[in-house]
Structures are given as C-alpha cells and as structure tokens.
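Visitor: Got a structure for you, written out below as structure tokens; questions coming shortly.
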C-alpha cells in the first residue's frame with residue numbers, strides 16, 4: 004500500500020469517523036446516499052487523527068446535541084453533503100458569526116474540511132459523520148436551526164432511483180420541525196429534472212414560502228461561492244438552479 008494513502012478501516016481503529024455510526028439502532032429505510040469510504044491522503048488522515056475528537060462526531064442518534072455548547076450562542080446552519088469541504092470552509096470564513104454543522108459520509112472530505120478549518124483558523128465548523136436524517140430527527144432539537152443547505156445532492160437520475168432523492172415531502176416535513184421560523188432552506192442542483200421536482204414539492208408544502216420574487220428559481224446568493232467544478236459545468240452550458248424557501 005502506498006505510504007500516501009490508507010484505507011479508513013486501518014487508519015482509525017481507535018477513533019475517528021465510524022463506518023456505520025447509527026448501527027442497528029434505527030429502522031432500515033431507503034437512503035439518499037451511499038457511503039464513500041475511499042482512500043484518504045496522509046494529510047487528511049492526519050487531520051482526522053488530531054482533530055476528530057474536538058471538531059468531529061458520529062451521527063449515532065443517541066443524544067440531543069447542545070448547539071450552544073458546541074458553537075456558542077450563535078445561529079447554526081446545517082449543511083447536508085459538503086463534498087471535499089472547500090465551499091463550507093469559504094462560507095465559514097466569510098461568516099464567522101454563524102455556526103456551520105456540516106454532515107457527510109465521505110471520509111476524505113471529512114479529513115479535508117478539518118484540515119481546511121485548522122489552516123484557516125475557523126472555529127465555527129463542526130463535522131458530522133453519518134445520516135443527515137438521523138442527525139435531524141434524533142440529535143437536533145425542534146426549531147434549533149437558522150437554516151439548512153443542500154448543495155448539489157445526488158440527483159439519482161434513473162427513474163427507478165428517484166425514491167432515493169433527498170428532497171422529498173417527508174424530508175421537508177422533518178426539516179420544518181428543526182428550522183426556526185424565518186430560517187431558510189437553500190437547495191442547489193445542476194440536474195434540471197431534480198430542480199423541477201424540488202421546486203414542485205417545496206411550492207406544495209405549507210411550511211415554506213419561496214423567497215424568489217415572483218416565485219420559481221432564485222439567483223445564486225452571494226454567500227454561496229461558485230465552486231471550481233460548478234464553474235467548469237457552467238462553461239459547458241450546464242444550468243445551475245438555486246431554490247431559497249423560508250420557514251413560515
């Protein structure tokens with residue numbers, strides 16, 4: 004095995020993100036994600052070894068988080084799926100008065116975000132490993148979030164897989180209970196059919212109000228950075244849709 008990368012199971016026998024943190028505690032259901040336990044770099048592994056116990060935690064569903072103790076008395080936004088963490092780190096740096104609770108199952112991304120947070124001196128980021136639905140349902144108090152961000156979720160393009168898409172009525176029901184009145188759910192996707200589905204289910208939900216003037220899709224707000232991959236897609240003619248809906 005290359006000294007530059009190792010498998011997560013060998014990297015973290017005594018700590019770090021677990022492969023299945025919720026285990027058998029909760030019902031089996033269709034998930035919107037697939038765990039990606041790919042190889043991590045030496046730098047990512049080092050960040051997890053050193054920082055996980057302080058800035059990371061597993062979504063085991065066994066406790067309700069004290070967000071004030073975790074972040075201080077600041078608004079907290081949940082980001083579901085952060086990839087390699089570059090966008091999350093940029094948003095955290097631009098808005099130090101907001102806590103960013105970032106959840107994903109991608110081990111290299113978890114390590115990368117921890118490394119970025121340390122390098123940039125970010126104290127307002129926490130990294131959660133596991134299922135965002137269990138995190139919201141079991142570990143977050145009602146009305147505890149100032150916002151939820153879902154940027155470029157897996158579109159599950161095949162029709163037989165549409166049931167795996169995250170943004171569905173059931174997800175919106177749960178999210179509404181965890182968002183304070185006035186909190187904003189911000190979704191973004193470059194997959195047009197998924198964008199249309201998101202818009203339809205959000206428009207039909209009584210708990211949300213579209214913030215876009217005249218309804219429909221919104222302009223990309225300044226606080227969502229344009230990523231390198233998004234820029235490449237735009238150069239190829241891809242259309243990125245933003246949706247911003249406020250909790251009533």
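Numbering (my numbering), first residue to last: 4 to 251. Even for Gly, the Cβ is constructed at its ideal location relative to N, Cα and C.
Report yes if the CB atom of residue 113 is closer than 9 Å to the CB atom of residue 130, and no otherwise.
Guide: Contact: yes.
Visitor: Under a Cβ-count criterion, where at least 16 other Cβ atoms within 10 Å of its own Cβ denotes burial, should residue 109 be classed as buried or exposed?
Guide: When all chains shown are included, residue 109 counts as buried.
Visitor: Tell me whether the beta-carbon of residue 50 lies closer than 9 Å to the beta-carbon of residue 121.
Guide: Going by C-beta atoms, residue 50 is nearer than 9 Å to residue 121.
Visitor: Given a threshold of 16 other Cβ atoms within 10 Å of its Cβ, counted over all protein chains shown, does residue 184 qualify as buried or as exposed?
Guide: Exposed, since its Cβ has fewer than 16 Cβ neighbours within 10 Å.
Visitor: Based on DSSP bridge pairs, tell me the residues matched to residue 82.
Guide: Looking at the DSSP assignment, residue 82 forms a beta bridge with 105, 152.
Visitor: Is residue 65 buried or exposed, if buried means 16 or more other CB atoms sit within 10 Å of its CB?
Guide: Residue 65 should be labelled exposed.
Visitor: In chain order, which beta strand (DSSP E) runs of at least 3 residues are fully inside the stretch 120–190?
Guide: Those beta strand (DSSP E) runs which fall completely within the stretch 120–190 and span 3+ residues are 128–132, 148–154.
Visitor: Give a yes or no on whether the C-beta atoms belonging to residue 198 and residue 167 are separated by under 9 Å.
Guide: Cβ atoms of residue 198 and residue 167: not closer than 9 Å.
Visitor: Since residue 213 sits in a beta bridge, which residues does DSSP pair it with?
Guide: In DSSP, residue 213 forms a bridge with 248.
Visitor: Do residue 102 and residue 74 have their CB atoms nearer than 9 Å?
Guide: Going by C-beta atoms, residue 102 is nearer than 9 Å to residue 74.
Visitor: So for residue 74, helix, strand or coil by DSSP?
Guide: The answer is helix: DSSP assigns residue 74 an H, G or I state.
Visitor: With DSSP run on the structure shown, which of helix, strand or coil describes residue 43?
Guide: Strand.
Visitor: Got a sec, what are the start and stop residues for the beta strand (DSSP E) residue 61 sits in?
Guide: Note, residue 61: beta strand (DSSP E), 59–61.
Visitor: Going by DSSP in three states, residue 91 sits in which element: helix, strand or coil?
Guide: It is helical.
Visitor: Is residue 250 near residue 210, with beta carbons less than 9 Å apart?
Guide: It is a contact, given that the beta carbons lie within the stated cut-off.
Visitor: Specify, as a first and last residue, the run of the alpha helix (DSSP H) that residue 200 falls within.
Guide: Run containing residue 200: 195–207, per the alpha helix (DSSP H) assignment.
Visitor: Label residue 176 either buried or exposed according to how many other C-beta atoms from any shown protein chain fall within 10 Å of its C-beta, with 16 as the threshold for buried.
Guide: Answer is exposed; the Cβ neighbour count stays below 16.
Visitor: Taking only three categories from DSSP, how would you classify residue 35?
Guide: Interpretation of residue 35 is limited by its pLDDT of 49, a score under 50 that renders its predicted location unreliable; the figure taken from the coordinates is listed afterwards. Correct three-state label for residue 35: coil.
Visitor: Under 6 Å Cβ to Cβ from residue 158, same chain only, skipping five residues before and after it: list those, please.
Guide: Answer for residue 158: 194, 197, listed in chain order.
Visitor: Only counting the same chain, and skipping five residues up and downstream in sequence, which positions put a Cβ closer than 6 Å to that of residue 247?
Guide: Only 187, 189, 214, 221 meet the Cβ criterion.
Visitor: Output needed for residue 230: all residues of its chain with C-beta closer than 6 Å, excluding positions within five of it in sequence on either side, in chain order.
Guide: Counting only Cβ-Cβ distances below 6 Å, and skipping sequence neighbours, we find 90.
Visitor: Quick check: the Cα distance between residue 10 and residue 43, rounded to an integer number of angstroms?
Guide: Confidence in residue 10 is poor, its pLDDT being 45 and thus under 50, which makes the residue's placement unreliable; the coordinate value appears in the next sentence. The straight-line gap from Cα to Cα measures roughly 7 Å.
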